[in-house]
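**Q** Residue numbers (this note's numbering): 35 to 290.
Where a beta carbon is used, it is the ideal one built from N, C-alpha and C, also for glycine.
Supplied in C-alpha cells, the structure appears directly below.
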Ligand code: ADP
Ligand code: MG
C-alpha cells in the first residue's frame, strides 16, 4: 500500500469574474520514505495540488488516500512547510518551534526533550533564545522545518521551501533539509519550479503542464549510488540527462 495516493484530482476555481480550471485528472502514488517532487510552470496549479493533498481545500472531484484511508480534512499525519518560513518575529527560536504543540496542548516534558534533541542535532540549540531576525535565511528554514517536525508528521508537504533564498544558500539549505528529512525517516512531497532542485532531491518527479495542469510525465530518478547528497547529485553525469528530459516536457514557450 502506498503512503499517499492521489487519485483523479480535478480542480476548478469559481470566481465572480471567471471559472479557472486548475487541475485535470492528476493521479500518482507516493511510497513511504520516498521524496517526490512536483514541478511545473508558475501558476499551473502546484500549490493548489499541495493544498488538496494536505486537506486544506476540497477538490472538485477525486480523492486522496493516506495509508489507504480516504482523507477528509486535515490529517495530523501531514506536516506543512510553506514558501516563506512564517516564523513569528516576536517569538524566540524555542517558542517558535514549540508553538504548534502548545496550541494543541501537547507540549509535555517528552515533547520538550524531543525538540531539544532536534535543535541540538541540527546546530540550533545555541540559538534557542535568539529571535528569527538574528538568524540567516538557511537557519530560519531549519527552524521552520523543526517546528513542523515537532508535531511528528509522517509526511512532509513542502511548497517551494527554498524560493526566498539566494542561489548559493539554496544549494546548501536544500542539502541540509534533505539530510534532516532522510535522517528523520519522513516521506516528503515538495513543489518546486526549479528542475535542478527536483532532480537533485527526489526519487520521483511529477511533471505538470501549463494550466490547466495535467501530468505530462512521471520521471523516476535513480543515480544508482547510495547516499548521494543533493549537492553530489548535481555533479553526476546523469544529472543533465534527467534535467533535459524534464525541461523538454515543460515547454515553457510553446503555445498549445
Ligand atoms: P502555482 O502554485 O503552480 O504557481 P496555484 O496553484 O497557486 O499555482 O494557482 C493555479 C491557478 O489557480 C492560478 O491561475 C491561480 O490564479 C488560480 N487560483 C489559485 N487559488 C485561487 C483561488 N483561491 N480562487 C481563484 N483562483 C485561484
Ligand atoms: Mg505556488
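Identify whether residue 147 lies in helix, strand or coil by the three-state DSSP scheme.
**A** Three-state result, residue 147: helix.
**Q** Is there at least one non-hydrogen atom of ligand 1 closer than 7 Å to the beta-carbon of residue 28?
**A** Here the chain covers residues 35 to 290 and nothing more, so residue 28 does not appear.
**Q** Ignore the nearest five residues each way along the sequence and tell me which others in residue 289's own chain have a CB closer than 8 Å to its CB.
**A** Legend: pLDDT at residue 289 = 48, less than 50; position of this residue unreliable, no value from coordinates given.
**Q** Under 8 Å Cβ to Cβ from residue 280, same chain only, skipping five residues before and after it: list those, please.
**A** The residues are 73, 229, 232, 233, 239, 241, 251, 253.
**Q** Per DSSP, residue 113 forms a beta bridge with which residues?
**A** DSSP, once it has assigned bridges, lists 190 as partnering residue 113.
**Q** Determine, for residue 162, whether the minimum Cβ-Cβ distance to residues of chain C falls below 8 Å.
**A** Among the chains in the structure shown there is no chain C, since it carries only a single protein chain.
**Q** Tell me which residue opens and which closes the beta strand (DSSP E) that residue 58 is part of.
**A** That run of the beta strand (DSSP E) goes 53 to 64.
**Q** If you measure from the CB of residue 80, is any heavy atom of ligand 1 nearer than 7 Å?
**A** Yes, since a heavy atom of ligand 1 falls inside the 7 Å radius drawn around the Cβ of residue 80.
**Q** Using the Cα positions of residue 130 and residue 276, report the straight-line distance between them to the nearest angstrom.
**A** Cα to Cα, residue 130 sits roughly 38 Å from residue 276.
**Q** Would residue 177 and residue 158 be called neighbours here (beta carbons separated by less than 8 Å)?
**A** Against a cut-off of 8 Å, the Cβ pair of residue 158 and residue 177 comes out as a contact.
**Q** Does the beta-carbon of residue 119, which I'm using as the reference point, lie nearer than 7 Å to any heavy atom of ligand 3?
**A** Ligand 3 is absent from the structure shown, which contains only ligand 1 and ligand 2.
**Q** Counting along the chain, where does the beta strand (DSSP E) carrying residue 95 start and finish?
**A** Counting along the chain, the beta strand (DSSP E) containing residue 95 begins and ends at 95 to 100.
**Q** Give me the Cβ distance between residue 61 and residue 85, rounded to the nearest whole Å; I'm assuming they're in contact under 8 Å.
**A** Wrong, their Cβ atoms sit about 17 Å apart, outside the cutoff.
**Q** Please give me, in chain order, every unbroken run of the alpha helix (DSSP H) with length at least 4 that falls completely inside the segment 224 to 288.
**A** Taking only runs of at least 4 residues, the alpha helix (DSSP H) segments lying wholly in the segment 224 to 288 are 229 to 235, 264 to 267, 272 to 284.
**Q** Buried or exposed: residue 256, going by 16 or more other Cβ atoms within 10 Å of its Cβ?
**A** By the 10 Å Cβ count, residue 256 comes out exposed.
**Q** Taking only heavy atoms of ligand 2 into account, decide whether any of them is closer than 7 Å to the Cβ of residue 150.
**A** Residue 150: no, Cβ never under 7 Å from ligand 2.
**Q** Flag this pair as yes or no: are the beta carbons of residue 152 and residue 180 separated by less than 8 Å?
**A** Result yes, Cβ atoms of residue 152 and residue 180 sit closer than 8 Å.
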